[in-house]
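Following UniProt numbering, the numbering of the sequence shown begins with 1 at its first residue and continues without gaps.
First comes the structure, then the notes that go with it.
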Amino acid sequence: MAEFDNYIVCNFCQEEVDKDLFDDCETVQSCPQCGSVFSEEQVYSYEIAFAKNTNTSLDGFFETPKYGYESRDQQRKLRPSMSTYTKNQLKAALRRSCEKLQLSKEITEQAQDFLLDKAYPTFIHMQKKIRLVGACIYIICRNNDLTVTPKQVAVVTGCTVFELGNVAKKIDDAFGLHRTPITIQSLITTACSDLPHAMKCEELAQALSRRCSESLLLNGSPLPQAIAICVLASLAVNKGTKQRQEIAKLCLKMSQVSEITVTQCIRALKNYMVTLLQAIPWVDMKYVKMSNIHYYIKDILKYEQKCGKFPAKVANPQWCHKREVEIRTRKEKIQNALERVRLRQCPTMCATSGKDDGLAATEKLFDAENNLNSEIDSPVATDSTLNTDSTGLNNSAATDTMLDEEDKVIEELLELGCSPQQLQEGFYENLKTTSSPLNHEIQESEIESYVRKPDEVNKLKRVAETDSGNFEAKRTQCKSIRCRTKPLNVNTNEPTQ
């Protein structure tokens, strides 16, 4: 605290406080901006006399508990996240946080206006108002498509990511700042913007995504799916380009995706296109290869315009057949486990019809479900495999060494009272959760956060060129060293010393 003729300068917030405010005041002399106390002796005696707990504040000087101080003569100051922030303090904290995050002047002004005009008047009674600063910075960066994560903002402002997220949700609810999830079509528009013949590539990619997006449901987020579709469209429109170069170019532009995932998506797309091309009469499959299949995209779209939809057997992607095989094997395992449990519980009555009533009822339910779902089963799972003889089941029950862990778990669940129908329904639900493409959603305003700037792209290119140059230099140096070294003496006739 520095005293002058007409004002006092606070050592903590550097605010000038008029002395006339404390002439008639007999209570604690504190800074009206930050709350730090000027006369520590009055605070000490005041709290000892009138407060049972010296760590709490009195008469509303502070909204939150005080942080404590070392000695009576030093000027006490509260923790930044616990003190009562005024507008000027929030403004200064916001500017400091924006400087640490290296945000532009326009973003800082937008965050400041949003904080002082909307967020602060609405949440004026909120304690720990530093959370408002972090939430406003994150919301403005999100709306301007900047790659600033909540963790970065939380580290700068001094609060946790959980607190920051809760305040941001409250602000979104108060001002209606909700956003819709992104689609593959919007990502395709962004990815095709820099390609040659961008309009044609985008039209073909949009049509291909509407037709073949089913084959990519099990391949992760929509970002590699969009890049895979754009690569095939670019190969079809721009002749002479190579697939690996197109993948590298788009992965360099669109960040947060690897070339391996894009290659896997392209492989799934090509396999699905092969199944569709088999149903087109004017396409000769002798000339269709994986290297030139992108030239047949227009034939697939033309078939839909002329003949309508593809047949149901052809239109089902490859992963659907894998799912049907898994369901059939699960049914067979449940039925075999049911027979093993029945034979174990009543070994003497297995030849007759002496079945347990509960197990017989569950068997009837399972048989009814098999009859209802018999249309799905392919010729691989025939009636002879599903309805095996009791002798074969006895042999399978005797050889427990052939059972895997899944069979043992199914037996334990059946012995505990679970019905086969419940086990099968649980398996279906597990398939739905694992194969759902909605587990990873990108928000609409986060499209630009996946796009690298031209400066970053050029920097990555320079780094790759220097790395390749260093690798070539090291390889030539190793060759020269190898030539200069003498070969080992492999003559076995010489005596060893």
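Using N, Cα and C, we set each Cβ at its ideal position, and we do this for glycine too.
In this text, all values refer to a predicted model and were calculated from it rather than measured experimentally.
Query                                                                                                              : Result
When Met-199, Leu-208 and Leu-269 are compared against Asn-238, the one with the closest alpha-carbon              : Met-199
Limits of the unbroken alpha helix (DSSP H) element including Cys-136                                              : 130-143
Inter-residue spacing [alpha-carbon to alpha-carbon] between Cys-10 and Ile-130                                    : 21 Å
Cβ-Cβ separation, His-294 to Leu-235 (assumed contact under 8 Å), whole Å                                          : 4 Å
Exposed unless 16 or more other CB atoms sit within 10 angstroms - verdict on Met-285                              : exposed
Every unbroken alpha helix (DSSP H) within the region 149-198, with a cutoff of 4 residues, ordered by chain       : 150-157, 161-175 and 184-191
Among Ile-188, Leu-413, Asn-166 and Ala-248, the one whose alpha carbon lies nearest that of Ala-464               : Ala-248
Cα-Cα separation, Tyr-296 to Leu-204                                                                               : 12 Å
Short Cβ contact (7 Å threshold) for Ile-184 with Ala-226                                                          : yes
Spatially closest choice to Thr-261 from Phe-123, Asn-271, Trp-282 and Leu-223, by CA coordinates                  : Leu-223
Rounded straight-line distance, which links the Cα of Thr-241 to that of Arg-462                                   : 22 Å
Three-way DSSP call (helix, strand, coil) for Gln-127 in this model                                                : coil
Expected contact under 8 Å - CB spacing of Ile-229 and Ser-209 to nearest Å                                        : 5 Å
Simplified DSSP assignment, three categories, for Val-409                                                          : helix
Separation of Asp-173 from Ala-93, as counted between CA atoms                                                     : 24 Å
First through last residue of the alpha helix (DSSP H) which encompasses Leu-223                                   : 222-237
Through-space distance from Gln-112 to Leu-103, alpha-carbon basis                                                 : 12 Å
Beta-carbon proximity of Leu-101 to Ala-135, cut-off 7 Å                                                           : no
Collapsed DSSP secondary structure at Cys-10 in the structure displayed                                            : coil
Whole-angstrom distance between Val-167 and Ala-337, CA atom to CA atom                                            : 52 Å
Own chain, CB closer than 6 Å to Cys-201, minus 5 neighbours either side, in chain order                           : Cys-192, Leu-195, Ala-233, Ser-234 and Val-237
Secondary structure of Met-273, DSSP reduced to three states                                                       : helix
Pro-281, DSSP secondary structure in three states                                                                  : coil
Helix, strand or coil at Lys-302 [DSSP, three-state]                                                               : helix
Whole-angstrom distance between Cys-307 and Ser-186, CA atom to CA atom                                            : 29 Å
Under the three-state DSSP convention, the category Thr-466 falls into                                             : helix
Spatial distance of Gln-305 from Ser-291 (CA atoms)                                                                : 25 Å
Nearest residue (CA-CA) to Arg-330, options Lys-270, Pro-420 and Thr-263                                           : Pro-420
Collapsed DSSP secondary structure at Tyr-287 in the structure displayed                                           : coil
Spatial neighbours of Phe-123 in its chain, beta-carbon cut-off 7 Å, leaving aside the 5 residues before and after : Leu-132
Neighbourhood of Lys-270 by C-beta, 7 Å cutoff - its chain only, sequence neighbours within 5 removed              : Met-290 and Ile-293
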